[in-house]
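**Student:** Numbering (full-length UniProt numbering), first residue to last: 1 to 412. We put the CB at the ideal spot given by N, CA and C, even for glycine. Pasting a structure below so you can have a look.
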Ligand SMILES: Cc1ncc(COP(=O)(O)O)c(C=O)c1O
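Given below as structure tokens:
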């Protein structure tokens, strides 16, 4: 395992510019990687879940828009609303840096020792602290994959390679794909590889992960499992998704393993910011060394612990998901602009548009009808031509189908 070495300090130049209105200052960071220099808008990766910005821009009330562009579990929203009202964390004191109750609850959830857990300010912070603590020399991302991996690696000056899965195989981790990933690691000398399963944006679960772990040597394997606890098959059975403990047991010689978890999807609380690392104690230590002490707030610690105590109730709220997903997938498949709806184990669908239809155009036309979906074209390692659509309530889904029907008929 390669642990962070001190990095050269960023040189900052301050340029004073005189104008008729007075003096203003421009700050130049001279040795940051190109993306970090590009300015705030370009340095932030685009994501779904931009409802509040759209409301502001369009000047409409929240009830006017239906947001299918984020991936939280809509079916859990009312339970979360109810539970969160009953907690009252102490906000006059600093939260405990070790978050002991939450750490113990997460350790029980994962079946590991508390030394193998690090709660974080969302999975997004888990990505940052793991990559900054580990500082791989060369990182292989198996795409498509959540864009924060490439953005964070780029900002940290880590060299990134992307191995895209095949859209004609629904982006599955096939036997051929496992071989090709192992070959790519050998060719590129990658010392870390990251995959996301259940995958965002494809909805695929990678069943061959233990096989991949067993084929690795002297590499760090990181797995994003933000959607693991939501995943279920069409009969309502929890999907068999390899967890940290399975991968650690399967991993080859000298292979470090860590998984990234998120509570924001499962417990419908993206505004709370709550994620975690579960992994080898040495990797968790690396990440802990980077994390700011109080980034997991008192509210997040108390709410996370409480939600985990109620996980059986959350599982029960998810019972309608397979039926809703099946109906939504069938209705979308029948629309003229749609080539294929990929099979999904999660609470969102990945939709391949007919050739010639651009997902950006479809997403814009839907936004004009106050329906938000995610154009996948800018997602790391994604093939062009796909939309990602959350599975919502039957009523919301009917509105999506009507709007997407109108748009695809007008664009085809
Ligand atoms: C695959 C994946 N990982 C991590 C995250 C970040 O989750 P969090 O809200 O916990 O930071 C997301 C959010 O969309 C995601 O899709």
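According to DSSP, is residue 37 helix, strand or coil?
**Tutor:** In this predicted model, residue 37 has a pLDDT of only 43, less than 50, meaning its place in the structure is not dependable; the value taken from the coordinates is given anyway. Three-state result, residue 37: helix.
**Student:** Name the DSSP bridge partner or partners of residue 145?
**Tutor:** BP columns for residue 145 point to 380.
**Student:** Going by alpha carbons, who is nearest to residue 268 out of 301, 367, 314, 282?
**Tutor:** The shortest Cα separation from residue 268 among 301, 367, 314, 282 belongs to 314.
**Student:** Which residue marks the beginning of the beta strand (DSSP E) containing residue 258, and which one marks its end?
**Tutor:** That run of the beta strand (DSSP E) goes 256 to 262.
**Student:** Cα-Cα, which of 272, 385, 320, 259 is closest to residue 126?
**Tutor:** If we check each option's Cα against that of residue 126, 259 comes out closest.
**Student:** Look at residue 209 and residue 173 and say whether their C-beta atoms are less than 8 Å apart.
**Tutor:** Yes, the pair counts as a contact, with Cβ atoms nearer than the cut-off.
**Student:** Where residue 405 and residue 101 are concerned, what is the direct C-alpha to C-alpha distance, given to the nearest angstrom?
**Tutor:** The alpha-carbon atoms of residue 405 and residue 101 are separated by roughly 48 Å.
**Student:** Give me, in chain order, the residues of the same chain whose beta-carbon lies closer than 8 Å to that of residue 245; leave out the 5 immediate sequence neighbours on both sides.
**Tutor:** Cβ neighbours of residue 245 beyond the five flanking positions: 110, 111, 112.
**Student:** Is it right to say residue 60 is buried, meaning 16 or more other beta carbons lie within 10 angstroms of its own, or is it exposed?
**Tutor:** Under this definition residue 60 is an exposed residue.
**Student:** Enumerate in chain order the residues of its own chain whose CB-to-CB distance from residue 196 is below 7 Å, with the five nearest sequence positions on each side excluded.
**Tutor:** So the qualifying residues of the chain are 145, 146, 224.
**Student:** In or out: residue 409 buried (at least 16 other Cβ within 10 Å) or exposed?
**Tutor:** Under this definition residue 409 is an exposed residue.
**Student:** Do you know how far the Cα of residue 185 is from the Cα of residue 132?
**Tutor:** Approximately 20 Å between the Cα atoms of the pair.
**Student:** So if I measure from each beta-carbon to every heavy atom of ligand 1 and keep distances below 6 Å, which residues remain?
**Tutor:** Taking each Cβ in turn, the ones that pass are 71, 122, 123, 124, 146, 196, 200, 224, 226, 262, 264, 270, 275.
**Student:** Taking the C-alpha atoms as reference points, what is the distance between residue 142 and residue 176?
**Tutor:** The straight-line gap from Cα to Cα measures roughly 13 Å.
**Student:** Could you tell me the boundaries of the alpha helix (DSSP H) in which residue 159 lies?
**Tutor:** Taken as a continuous stretch (DSSP letters only), residue 159 belongs to no alpha helix (DSSP H), being part of the beta strand (DSSP E) at 159 to 164.
**Student:** Are the beta-carbon atoms belonging to residue 255 and residue 213 less than 8 Å from one another?
**Tutor:** Going by C-beta atoms, residue 255 is nearer than 8 Å to residue 213.
**Student:** Return helix, strand or coil for residue 117, following the three-state DSSP convention.
**Tutor:** Three-state result, residue 117: strand.
**Student:** Compare the beta carbon distance of residue 69 and residue 203 with 8 Å and say whether it is the shorter of the two.
**Tutor:** Not in contact: residue 69 and residue 203 (Cβ atoms no closer than 8 Å).
**Student:** In the DSSP assignment, find the unbroken beta strand (DSSP E) run with residue 267 in it and report its ends.
**Tutor:** Taken as a continuous stretch (DSSP letters only), residue 267 belongs to no beta strand (DSSP E), as it is neither H nor E.
**Student:** Taking Cβ to Cβ, would you say residue 363 is nearer than 8 Å to residue 352?
**Tutor:** For residue 363 and residue 352, no; Cβs fall outside 8 Å.
**Student:** First and last residue of the beta strand (DSSP E) that includes residue 349?
**Tutor:** From DSSP, the beta strand (DSSP E) with residue 349 extends over 348 to 353.
**Student:** Three or more beta-carbon pairs under 8 Å between the stretch 46 to 66 and the stretch 386 to 401, yes or no?
**Tutor:** As far as the Cβ criterion goes, the stretch 46 to 66 touches the stretch 386 to 401, which means the pair count is three or higher.
**Student:** Give the DSSP-derived three-state secondary structure of residue 88 in the structure shown.
**Tutor:** Note: residue 88 maps to coil in three-state DSSP.
**Student:** Between which two residues does the beta strand (DSSP E) holding residue 275 run?
**Tutor:** Taken as a continuous stretch (DSSP letters only), the beta strand (DSSP E) holding residue 275 covers 275 to 279.
**Student:** I'd like to know whether the C-beta atoms of residue 394 and residue 321 end up nearer to each other than 8 Å.
**Tutor:** No, Cβ-Cβ distance for residue 394 and residue 321 is not below 8 Å.
**Student:** Quick check: the Cα distance between residue 53 and residue 348, rounded to an integer number of angstroms?
**Tutor:** When rounded, the distance between both Cα atoms is 22 Å.
**Student:** What's the call for residue 292, buried or exposed, on a 16-neighbour Cβ count within 10 Å?
**Tutor:** Residue 292 comes out exposed.
**Student:** Helix, strand or coil for residue 306? Go by DSSP, reduced to three states.
**Tutor:** Of the three classes helix, strand and coil, the one that applies to residue 306 here is helix, per DSSP.
**Student:** Give the DSSP-derived three-state secondary structure of residue 225 in the structure shown.
**Tutor:** Residue 225: coil per DSSP, three-state reduction.
**Student:** Out of curiosity, what's the CA-to-CA distance linking residue 227 and residue 94?
**Tutor:** The straight-line gap from Cα to Cα measures roughly 30 Å.
**Student:** Out of 169, 84, 216, 387, which has the shortest C-alpha to C-alpha gap to residue 308?
**Tutor:** Nearest option by C-alpha distance: 84.
**Student:** Tell me residue 238's beta-bridge partners as DSSP assigns them.
**Tutor:** Looking at the DSSP assignment, residue 238 forms a beta bridge with 232.
**Student:** What residue range is occupied by the uninterrupted beta strand (DSSP E) comprising residue 193?
**Tutor:** Note, residue 193: beta strand (DSSP E), 192 to 196.
**Student:** Kindly indicate which three-state DSSP category residue 390 falls into: helix, strand or coil?
**Tutor:** Three-state DSSP puts residue 390 in a strand.
**Student:** To which residues of the same chain is residue 384 closer than 6 Å at the C-beta, ignoring the five residues directly before and after it?
**Tutor:** If we look at residue 384 and ignore the five residues flanking it on each side, its Cβ neighbours are 377.
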